[in-house]
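Peer 1: For reference, the structure I am asking about is given below.
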Amino acid sequence: MERELIAELAAILGSPDPARVPCGIGDDTALLSSPGSGGLLLTTDSQREGVHFTWDWIAPESVGYRLVVANV
């Protein structure tokens with residue numbers, strides 16, 4: 001499901017400028033060019049009900065905590 005969504009977004013957005021985005025969207029991370037540095041890694045991850053947790057065994061605060069830990 002995730003790979004299909006990535007392919008859909010890539011088809012809509014087109015190819016990025018390789019000078020600015022040496023390694024584009026993929027598995028949760030992209031490499032962006034950043035003046036004065038070797039580059040900037042941009043990443044994100046999600047938590048999906050029924051896949052990563054169910055409400056019968058986790059509190060909303062814990063889901064929030066898991067999201068912060070996975071993304072910071």
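Residues in the sequence shown are numbered consecutively from 1, following this note's numbering.
Quick reminder that beta carbons are idealized off the backbone N, C-alpha and C, glycines included.
#1: Per DSSP, which residues does E49 bridge with? Please list them.
#2: Could you tell me the distance, in whole angstroms, from the CA atom of G64 to the CA atom of W55?
#3: Taking the alpha-carbon of D28 as reference, which of S37, P18 and L42 has the nearest alpha-carbon?
#4: If you compare alpha carbons, which of L5, L32, E4 and E8 is closest to D17?
#5: Going by DSSP in three states, A7 sits in which element: helix, strand or coil?
#6: For the candidate residues A30, L40, A70 and G39, whose alpha-carbon lies nearest to that of R48?
Peer 2: The answer reads as follows:
#1: Beta-bridge pairing by DSSP links E49 to F53.
#2: So the two alpha carbons sit approximately 13 angstroms from each other.
#3: Ranking S37, P18 and L42 by Cα distance to D28 puts L42 first.
#4: Shortest Cα-Cα distance from D17 to any of L5, L32, E4 and E8 involves L32.
#5: Three-state DSSP puts A7 in a helix.
#6: Checking every option, the nearest Cα to that of R48 belongs to A70.
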